[in-house]
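Enquirer:
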Amino acid sequence: MKSAARRVTLEVVGWTLVVVGIAALVLPGPGLLMLFAGMAVLSQQYDWAAKRLDPVKYRAMRGAADGVATWPRILASTTAALVVAGLGVVWIVGPDAPGWWFLDESWWLVGGAATGITQVASAAIALGLIVWSYRRFHDKPEAVADLERDINRSDSQRETV
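The numbering of the sequence shown is the working numbering, which starts it at 1 and goes up by one.
1) Could you have a look at Gln-45 and say whether DSSP puts it in helix, strand or coil?
2) Check whether the stretch 88-103 and the stretch 112-120 are in contact - that is, three or more C-beta pairs closer than 8 angstroms.
3) Given a cut-off of 7 angstroms on the beta-carbon distance, is the pair Phe-180 and Val-20 in contact?
4) On the criterion of 16 or more Cβ atoms from any shown chain inside 10 Å, does Leu-25 qualify as buried, or is it exposed?
5) Reducing DSSP to helix, strand and coil, say where Val-26 ends up.
6) Which term fits Leu-75, buried or exposed, when burial requires 16 or more other beta carbons within 10 angstroms of its beta carbon?
7) Three-state secondary structure (DSSP) at Pro-141?
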């Protein structure tokens with residue numbers, strides 16, 4: 001019975017993270033991180049998820065390396081995260097709809113404080129990942145070369161399976 005409950009829990013958590021991660025790819029949120037976490041959970045139950053885990057991980061890490069490759073990218077990413085955090089604070093405070101708002105007031109800052117909290121949390125995660133990426137990859141060509149080797153190895157293993 002315990003293993004059945006564990007399996008159901010892993011499936012629910014894994015698929016929830018995958019779906020939310022896919023949504024967060026286009027909405028505010030750490031989409032690749034949640035997608036990877038969902039795949040990691042599902043890999044405990046499914047071989048197909050385990051086989052796809054490394055490529056997702058390495059693509060996410062390549063994105064992290066690319067994001068801190070130059071100072072304009074670092075500044076743009078940091079600015080974007082801070083803007084998201086600022087907008088989250090606006091959502092949390094919840095000011096009244098301004099006079100120029102032409103839709104019904106119920107459409108102003110939809111989701112309320114919960115949306116603001118997720119925006120602030122997403123921005124905090126993004127800033128943490130920027131710092132981690134900077135420390136791991138910025139001005140470290142050997143780390144980027146190692147990552148490219150891992151990606152190529154993962155791709156070649158997947159092609160032979």
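Every residue gets a Cβ at the ideal spot worked out from N, C-alpha and C, and that includes glycine.
Given the structure is predicted, the values throughout are model-derived calculations rather than measurements.
Expert: So, from the listed chains and residues:
1) One-based indexing of the sequence shown puts residue 45 at position 45. Gln-45: coil per DSSP, three-state reduction.
2) yes
3) Limits of the chain in this structure are 1 at one end and 161 at the other, which puts residue 180 out of reach.
4) Here residue 25 refers to the residue found at position 25 when the sequence shown is read from its first residue. Leu-25 counts as exposed, since fewer than 16 other C-beta atoms from the protein chains shown sit within 10 angstroms of its C-beta.
5) As a first step, residue 26 is located in the sequence shown; it is residue number 26 there, counting from the start. For Val-26, the three-state secondary structure derived from DSSP is coil.
6) By one-based count along the sequence shown, residue 75 stands at place 75. When all chains shown are included, Leu-75 counts as exposed.
7) Residue mapping note: residue 141 aligns to position 141 of the sequence shown, counting from 1. Pro-141 falls in the helix class under three-state DSSP.
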